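What follows is one structure encoded as structure tokens, with my remarks underneath.
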Amino acid sequence: MNPSKCAFGVTSRKFLGFIVRQRGIEIEQAKIDAILRMPERETSTNFKSLQGKLAYLRRFISNLAGRCQPFSRLMKKDVPFQWDEACDKAFKSIKSYLMKPPVLVAPVPRHPFILYVAAQERSVGILLAQKNDEGKENALYYLSRTMTPNELKYSPIEKLCLALIFSIQKLKHYFQSHNIHLVSKANPLKYVMAKLVLSDSLARCRKRASSSRLLADHPMPAKWELSDDLPDEDVLVIEVTPPWKMYFDGASHKEGAGAGVVFVTSEGEVLPYSFTLTQNCSNNMAEYQTLILGLEIAVDAKQLPLKVYGDSQLVVNQLIGLYEVKKPEFLPYHNYAKRLMGWLGDVELEHLPRKDNKQADALAKLASTLSMTDKKHVYQYVRVGSYHQSSAMMRMTCSKKKKTTSRRFLKLKKKIGDNHWLIT
662 MNPSKCAFGV TSRKFLGFIV RQRGIEIEQA KIDAILRMPE RETSTNFKSL QGKLAYLRRF
722 ISNLAGRCQP FSRLMKKDVP FQWDEACDKA FKSIKSYLMK PPVLVAPVPR HPFILYVAAQ
782 ERSVGILLAQ KNDEGKENAL YYLSRTMTPN ELKYSPIEKL CLALIFSIQK LKHYFQSHNI
842 HLVSKANPLK YVMAKLVLSD SLARCRKRAS SSRLLADHPM PAKWELSDDL PDEDVLVIEV
902 TPPWKMYFDG ASHKEGAGAG VVFVTSEGEV LPYSFTLTQN CSNNMAEYQT LILGLEIAVD
962 AKQLPLKVYG DSQLVVNQLI GLYEVKKPEF LPYHNYAKRL MGWLGDVELE HLPRKDNKQA
1022 DALAKLASTL SMTDKKHVYQ YVRVGSYHQS SAMMRMTCSK KKKTTSRRFL KLKKKIGDNH
1082 WLIT
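So in the numbering used here, the last spot in the sequence shown is 1085, and the numbers never skip.
Put into structure tokens, the structure is as follows:
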């Protein structure tokens, strides 16, 4: 034992660059001052130094990945270094946070943990806390990370599940030996456990969550009081992107029947689809089939928040409950459309005048006048159960009018023609 490296009977001590006291673990003031003294207009060399200093203190800074999001552009190769206003604002926010740094405490045995999960647009943040004997919440651990390009496409509830998976992976030693109270704006556990069909990411979330003793406190009160050691309540706010819009229209006449569906993404990208129905039907029947096609695409693309617009008063009003479904042949379509809307969850249906639905109308009319004799076209089969429990087969030919570069629909384009849809 080296006496020069030992200390006995002291109230505080520097250890691995941090100050360990009876009340908890603190950041050494010299490391805070090193960041506070850095110039606000950073250079490339100083920026690399800043990255190293922040990485060392990452466990003490809430949502560090979200705070450093404006810096991500500066980290890419072959990109000119330009310190803009967003970077300056983010740097000032970090400096302001470090003026009152949190104190991390050691866990108290036999006391449950409190887990805060937050999902912002491009990052996830985690806070593990615990109440002491006096009932005051103390922070134990801060975690955060940025999302990958594929994870950015997740819905808000899927991003919350991603945050939950991240916390279980990083804090596994805490989760296996303690009860965890989960606190969030939404309840990812209820969503994952109640959903019948799960994507790969949600299936992983269910598997990991089932191995931990998690208790969800939901809904979280709007004015949740955090202790002074837990600043930045804004980290718990979910930034929700605008929902997608779907316009649909069906057309039927003596030359044939067609369907047109147009998606407008939250970024403004337009995704048009056109379908030719090889069996003649009424206009209202074509409208129902078009709506079902669009909802199926939305389900396959995992686009949960959706605003649907159509110019058929009958179809729209029947689905929102203003009109009664009187014709038996419409019931299977009506029931299946309602089921699809239930799977999506957050769907708003609204009637739109025909003059405001020109794109979908043009696609439907174009598809209804096409003669599909080329074997290169793709075929789908829809099995429709009738009112008398018998079934009829209607063959549908799908013609994609415009190639889209959206990655979300790459799998969809491969599946078209191989699916068999069952409507009961």
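Idealized CB from N, CA, C, for every residue including glycine.
Keep in mind that this is a model prediction, so the values were computed, not measured.
In this structure, Tyr970 is the residue among Asn811, Val740, Tyr970, Asn799 with its C-alpha nearest to the C-alpha of glycine 911.
In the structure shown, isoleucine 818 adopts helical secondary structure according to DSSP, grouped into three states. Closest in alpha carbon position to tyrosine 949, among Arg783, Asn840, Tyr758, Phe991, is Phe991.
A Cβ-Cβ contact shorter than 8 Å links valine 785 with methionine 808. For valine 960, the CB contacts under 8 Å within the same chain, skipping 5 residues up- and downstream, are Leu1001, Trp1004, Leu1005 in chain order.
Note on geometry: alpha-carbon atoms of glutamate 916 and valine 923 lie some 23 Å from one another. Between the alpha carbons of leucine 956 and alanine 998 lies a distance of about 8 Å. For the pair leucine 776 and serine 828, the CB atoms are nearer than the 8 Å cut-off. Rounded to whole angstroms, the separation of the alpha carbons of valine 769 and leucine 715 is 28 Å. When the alpha-carbon of proline 731 is set against those of Tyr984, Lys1019, Gln712, Ile693, the nearest one is in Gln712.
Per the coordinates, the alpha-carbon of proline 810 lies some 9 Å from the alpha-carbon of arginine 783. Separation of histidine 772 and glutamate 798 (C-alpha to C-alpha, rounded to the nearest whole angstrom) is 12 Å. Contact check between the segment 918-937 and the segment 1018-1028: three or more CB pairs, one atom from each, fall below 8 Å, which counts as touching. In the DSSP annotation of this structure, the continuous segment of the alpha helix (DSSP H) that includes glutamine 974 starts and ends at 974-981.
About 11 Å separates the Cβ atoms of histidine 834 and phenylalanine 774, ruling out a contact at the 8 Å cut-off.
In this structure, leucine 765 places its C-beta atom within 8 Å of the C-beta atom of alanine 800. In the three-state DSSP reduction, proline 731 falls in the helix class (H, G or I).
A Cβ-Cβ distance of about 6 Å is found for the pair isoleucine 680 and glutamate 689, placing them in contact under the 8 Å criterion.
DSSP places alanine 695 in the helix class (H, G or I) of the three-state scheme.
DSSP places threonine 951 in the uninterrupted alpha helix (DSSP H) bounded by 944-961.
According to the DSSP secondary-structure assignment, lysine 968 is paired through a beta bridge with Lys906, Glu1009.
Going by beta carbons, asparagine 724 and alanine 779 fall inside the 8 Å limit. Per DSSP, the unbroken beta strand (DSSP E) holding leucine 804 starts and ends at 798-807. Counting along the chain, isoleucine 686 sits inside the beta strand (DSSP E) bounded by residues 686-688. With contacts defined as CB atoms closer than 8 Å, threonine 926 and tryptophan 905 qualify as a contacting pair.
Judged by DSSP in its simplified three-state form, threonine 706 adopts helix. The segment 744-761 makes no contact with the segment 662-669, as fewer than three CB pairs between them are under 8 Å.
The alpha-carbon separation between isoleucine 686 and proline 763 amounts to approximately 9 Å. Serine 784 sits in a strand when the DSSP states are folded into three classes. In the DSSP annotation of this structure, the continuous segment of the alpha helix (DSSP H) that includes serine 754 starts and ends at 746-759. With contacts defined as CB atoms closer than 8 Å, asparagine 945 and leucine 975 qualify as a contacting pair. Our two residues, isoleucine 953 and tyrosine 994, have alpha carbons roughly 8 Å apart in a direct line.
A straight line joining the alpha-carbon of valine 986 with that of alanine 947 spans about 16 Å. For tyrosine 777, the beta-bridge partners assigned by DSSP are Leu788, Val844. As computed with DSSP, proline 700 is found in no beta bridge at all. About 6 Å separates the CB atoms of glutamate 701 and aspartate 749; that is less than 8 Å, so the two are in contact.
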